[in-house]
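See structure below.
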Amino acid sequence: KPTEAVMSPAILLTQLLPLLVFLIVDAFVTDVRISILAAIVFAAGQLGLSWRRTRKIDWFVLLDVGLIVALGAVSILFEDELLFKLKPAILEGLAVLLLVALILAPDRFLLSYFGRLLPSGTLNSEALGRLRTMFVAMCLLVSLHAVAVIICALTASRRIWALVSGPGFYLVFLPFLAAGLLRYLRARRGI
1491 KPTEAVMSPA ILLTQLLPLL VFLIVDAFVT DVRISILAAI VFAAGQLGLS WRRTRKIDWF
1551 VLLDVGLIVA LGAVSILFED ELLFKLKPAI LEGLAVLLLV ALILAPDRFL LSYFGRLLPS
1611 GTLNSEALGR LRTMFVAMCL LVSLHAVAVI ICALTASRRI WALVSGPGFY LVFLPFLAAG
1671 LLRYLRARRG I
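Residues in the sequence shown are numbered from 1491 upward in steps of one, following my numbering.
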C-alpha cells in the first residue's frame, strides 16, 4: 500500500478554474485589474476550501495560488497583465526542472521514491528505462506548452492566450496518450 497520496488529476484541473473566473469576469468588465483580482480571490478561496476539506495544505495548490496572488498583484500594481499571463509557463518551468531531476536521478532514488507511492513490486529496475523515457517525453511536451504560453502571452489576445494556457495543456498531451493507448492495445493483442 502506498504511504503517500498520489497527486490527483483533479488538482491539475482546478488550475483551470481561476483562469475561467478571469475570462468570465473579463467578458463583463473592461478593467483587467478587476478580472485579475477576481481570479486571485477565487484561487485563495480554493486554497481555503482545500484546507477545510482535508485539514492539510496541498503544496502544489499552495504554489499555484501563491503564483496567482503574487503575479496577479504585480500585474495590478503595474497595470500590466503580462506577469499574470506568464503564471502557467512559470509553473511549467518548475515542473520541467523536477522532471529533469527525475531523469538524472540515480536508480536507487527512483526505486525508493516511487516505491512509496506504488504497490509493492510494481516498479522494478527494468521499468526505470521506460519511466525515464516517459519523463523525457513529458519534459519536451511541457516545455513546448510553456513556450506556446509565453508566445501567446506576448503576442496574442486574452482569449487565444486562455485557450492555449488552459485546454491547450491537455491538447499537447493527446498524441502522447494516443501513442500509449496504441502500445497498450498492441501488447494486449500480441501484435
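Note that the Cβ used here is the ideal one computed from N, Cα and C, for glycine as well.
All values derive from a computational prediction rather than experimental measurement.
A direct Cα-Cα distance of roughly 37 Å separates L1667 from F1518. Under the DSSP assignment, T1520 falls outside any alpha helix (DSSP H); it carries neither an H nor an E label. As the crow flies, the alpha-carbon of G1562 is around 16 Å from that of W1651. Excluding the 5 residues flanking it on each side, A1528 has same chain C-beta neighbours closer than 6 Å at V1511, V1515, in chain order.
Going by C-alpha positions, D1570 is about 20 Å away from V1637. In this structure the region 1616-1631 lies against the region 1660-1675, because at least three pairs of beta carbons, one per stretch, are closer than 8 Å. Per DSSP, the continuous alpha helix (DSSP H) segment holding G1583 begins and ends at 1572-1594. Between R1523 and L1509, the alpha-carbon positions lie close to 14 Å from each other.
A distance of 8 Å or more separates the beta carbons of L1584 and L1600.
Pairing L1537 with V1555 gives a Cβ-Cβ distance under 8 Å. Annotated three-state conformation of A1533 is helix, per DSSP. Residue environment: G1656 is assigned as buried (16 or more neighbouring CB atoms within 10 Å of its CB, all protein chains considered).
Annotation: F1568 to F1574 spans about 11 Å, alpha carbon to alpha carbon. Secondary structure note for A1638: its alpha helix (DSSP H) is the uninterrupted segment 1617-1645. For the 8 Å CB-CB criterion, D1597 and L1618 form a contact. In the structure shown, F1604 adopts helical secondary structure according to DSSP, grouped into three states.
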